[in-house]
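Let me begin by presenting the structure, written as structure tokens, before commenting on it.
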Amino acid sequence: MEFDDSSVGSRVKWNAKVARVLAQRRQTRNSIRGPHSALTDFLASNNISAAQIHQDHQRRLREAEQQAAAESPSDATETHNAEERTVESPEQRTKRKRKESATLQKIKQSKEFARRKARRTDEPDGDDDIIARELMYEKSRPLPGQLENCEICSKRFTVTAYSKTGPNGGLLCKKCSQDLADDEKKSKARRSGPRSSRRQNQSNLLDGIVQQGALSLVEMCTKKVADNINDIDEFGDLPSQLLSRLSRILSKRRALTPRTLNLFLRSDLDSIDIYDSAKLETDDFQKIFTFIPALTHVNLRFAGQLKDRVLEYMLDKNLQVKHLQLDAANLVSDAYWRRVFHILGPQLESLKLSNLDFALDDETVEAMCKSCRALRCLKLKQCWKMSDGSLRAISTLPSLEHLSLGFVQAIEPENLLEAVSGAASHLRTLSLEGFANADDRLLKTIHEKCRLLTKLRFSDNSVCTDQGFANLFTNWSNPPLEFVDLSSTRDMDNTNLDDPTEAIGLASQGFAALMKHSGAMVQKLNIASCRHVSRSAFEEVFSEDKRYPNLQELDVSFHTTMDDYLVGRIFRCCPAIKKVVAFACFNIRDVQVPLGVALIGGLRAQDSIDSRAD
15 MEFDDSSVGS
25 RVKWNAKVAR
35 VLAQRRQTRN
45 SIRGPHSALT
55 DFLASNNISA
65 AQIHQDHQRR
75 LREAEQQAAA
85 ESPSDATETH
95 NAEERTVESP
105 EQRTKRKRKE
115 SATLQKIKQS
125 KEFARRKARR
135 TDEPDGDDDI
145 IARELMYEKS
155 RPLPGQLENC
165 EICSKRFTVT
175 AYSKTGPNGG
185 LLCKKCSQDL
195 ADDEKKSKAR
205 RSGPRSSRRQ
215 NQSNLLDGIV
225 QQGALSLVEM
235 CTKKVADNIN
245 DIDEFGDLPS
255 QLLSRLSRIL
265 SKRRALTPRT
275 LNLFLRSDLD
285 SIDIYDSAKL
295 ETDDFQKIFT
305 FIPALTHVNL
315 RFAGQLKDRV
325 LEYMLDKNLQ
335 VKHLQLDAAN
345 LVSDAYWRRV
355 FHILGPQLES
365 LKLSNLDFAL
375 DDETVEAMCK
385 SCRALRCLKL
395 KQCWKMSDGS
405 LRAISTLPSL
415 EHLSLGFVQA
425 IEPENLLEAV
435 SGAASHLRTL
445 SLEGFANADD
455 RLLKTIHEKC
465 RLLTKLRFSD
475 NSVCTDQGFA
485 NLFTNWSNPP
495 LEFVDLSSTR
505 DMDNTNLDDP
515 TEAIGLASQG
525 FAALMKHSGA
535 MVQKLNIASC
545 RHVSRSAFEE
555 VFSEDKRYPN
565 LQELDVSFHT
575 TMDDYLVGRI
585 FRCCPAIKKV
595 VAFACFNIRD
605 VQVPLGVALI
615 GGLRAQDSID
625 SRAD
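Per this note's numbering: the sequence shown ends with 628, consecutive numbering throughout.
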């Protein structure tokens, strides 16, 4: 039989190839590997070996042990070092101290030093060097991974980034660190007493409240209810006075929400006072008129979500509202204001609108004056669209007893004279703000036609003269006023700091005439920023023989002549005084504030707060 050499060679090569493939498959079956994680692939791609990391860590530990063993001094070494320190030359000692002082000074300028010092509020002053030395030691303490002896128990442990410092600056093991933390917590718990009321005292002081002794039972209960308002389901039969007080507290804390509003909604009430409605929605306002059908008094401040449909709903309920006060209701259109005045006008006795920049133009005010003929109280403040036409319409109201106006737009003085003259015979309170161009003719009109005023506010004017104010209060047949606000009536020329030839605004003569006319009955007096009242006028008004038995609140802010002597005179002449406001009176420094009096402003007013709070 004959064989082909080429075919034999091919078959041998084929068998060898098959053998290699089978060997590879057996090798693959014997070395099965699981899936690689992303971290493993990353370490492998960057030639990082976990085994090598472990070996390096063990090596560092061994080196640290060897270093600690080598640095632990024997008795002989300690004696030798002591001898070396003993023979330290003066130059070396000076150099070492200079280097140490420079290091401490650098540490004192670091942010870590400032933070460490700020945390130590209970320690006495003068510990800057101690804190700096602690930081210097911490910088030289063992690094994480090295071995160290615990300061308290002397146990050997591995230093970590979370190792705490002991009382003497050494490091602590985990157990001693936990024990020290527990002791600090117990110490703080023992030291903790009643919370400081410093912030509340300052808040009360700005409100003119100086508390002596314990609060009344009613006040304590009211504040306790306000503190736990989220746990209360209903107020029960609280009277309207306490509900109003609760509303004030919650409004000040910005805690009047749709949930807390429900506590004030009772069908037997006839009034609602919400002093901060900023968190209420449109449906919440509508709910007020649903749950209180007998409403006659409505007072809603910061009512930003009060809209046309709420007034439409109120009108459909046929409510007998007689007193309406709305603030910042800028989503109500002029058309609905006119409809409200047309329907509720005959029954409205009091109307107060403020901070309206979208509606209430002159036509709407004219519609109001035609429909609301029974109005006895009218207050329109910061209503941007009102101008001279509104003043002419207001002059036609026949029964006004309380008039309060604050205009944004400039008006003609003649129209203001017409409005005041039309209502002067019945007016009991008059408040005029923002009429910068009103002149002495207004003061003359008030002097001639007002006979029943108990409150007068005329502020922010730079035209009326001191002689005009003096003529107003001289031989005025009106009874003494109880409330007077003539603030910011002064010359606006900042280059004329001294008294001008003809003083502008309330000055010395006008102030003396005011106190001669109303000093016996005045309870609140505001003459802030009337900068032309002289020191001699203050000394005359508050002289030793003068007494103002009813004066409780006085504002003399921005009077640079006011000092400790004059404030002391005020305290002696006003036995009923409770609040003195003296902002920017920089000469008031060390005046003795009587018990129960709130002095607001002055450089040392804080001392009075602390002394009374203790």
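The beta-carbon is built from N, C-alpha and C at its ideal position, and this holds for glycine as well.
Computed from a predicted structure; not experimentally measured.
Item	Value
Length of the line joining the Cα atoms of SER502 and THR236	38 angstroms
Exposure label - ASP241; buried when at least 16 CB within 10 Å	exposed
9 angstroms Cβ cutoff met for GLN339 and VAL379	no
DSSP beta-bridge partners of PHE171	GLU162
Straight-line Cα distance separating ILE67 from LYS200	42 angstroms
Nearest residue (CA-CA) to SER254, options ASP284, ILE243 and LYS266	ASP284
Simplified DSSP assignment, three categories, for ASN489	coil
Cβ-based neighbour list, SER45, same chain, cut-off 6 angstroms, excluding 5 preceding and 5 following	Residue confidence for SER45 is low, a pLDDT of 48 falling below 50, so the modelled location carries little weight and cannot support an answer.
Enclosing alpha helix (DSSP H) for VAL324 [first to last residue]	322 to 330
Backbone CA spacing between VAL346 and ARG323 [nearest angstrom]	9 angstroms
Beta-carbon gap between GLU363 and LYS336 smaller than 9 angstroms	yes
For GLU553, three-class secondary structure by DSSP	helix
Strand pairing of THR179, partner residues [DSSP]	LEU185
Best match in PHE249, SER409, ASP499 and ALA598 for proximity to ASN475 [C-alpha to C-alpha]	ASP499
CYS544 in three-state terms, based on DSSP	coil
Alpha-carbon to alpha-carbon, PHE449 and LYS393	15 angstroms
CA nearest to the CA of THR172, picked from GLN361, LEU185 and GLU105	LEU185
Where THR479 sits in the DSSP three-state scheme	strand
Classification of GLU567 by the beta-carbon crowding that lies within 10 angstroms, buried from 16 upward	buried
Extent of the continuous alpha helix (DSSP H) run through GLN334	Premise fails: GLN334 is in no alpha helix (DSSP H) and is neither H nor E.
Presumed contact (8 angstroms Cβ cut-off) between LEU456 and PRO427, rounded CB distance	7 angstroms
Residues that GLU447 bridges to, as DSSP identifies them	GLY420 and SER473
Three-state secondary structure assigned by DSSP to SER285	strand
DSSP three-state assignment for LEU295, whether helix, strand or coil	A small fix is needed here, since residue 295 is Glu in this sequence, not Leu. In this structure, GLU295 counts as coil in the three-state DSSP scheme.
ILE306, buried or exposed, once every other Cβ within 10 Å from all chains shown has been counted against 16	buried
Buried versus exposed call for THR93 [16 or more other C-beta atoms within 10 Å across all chains shown]	Low confidence applies here, because THR93 scores a pLDDT of 42, under 50, leaving its location unreliable; read the following figure in that light. Exposed, since its Cβ has fewer than 16 Cβ neighbours within 10 Å.
Boundaries of the beta strand (DSSP E) in which LYS593 is found, first to last residue	593 to 596
Local Cβ density within 10 Å of CYS587, reported as buried at 16 or more and exposed below that	buried
Meets three-Cβ-pair contact criterion under 8 angstroms: the region 462 to 482 and the region 515 to 522	yes
ARG471 vs ASP505 beta-carbon contact at 9 angstroms	no
Endpoints, the alpha helix (DSSP H) within which ASN429 is located	427 to 437
Cβ-based burial, LEU609 [other Cβ within 10 Å; buried from 16]	exposed
Contacts around PRO158, its chain only, beta-carbon distance under 7 angstroms, and the 5 residues preceding and following it disregarded	VAL173, THR174 and ALA175
Collapsed DSSP secondary structure at LEU631 in the structure displayed	This structure cannot settle anything about residue 631, because the visible part of the chain is limited to 15 through 628.
Uninterrupted alpha helix (DSSP H) stretches inside the region 225 to 266 (no shorter than 4 residues)	231 to 241 and 254 to 266
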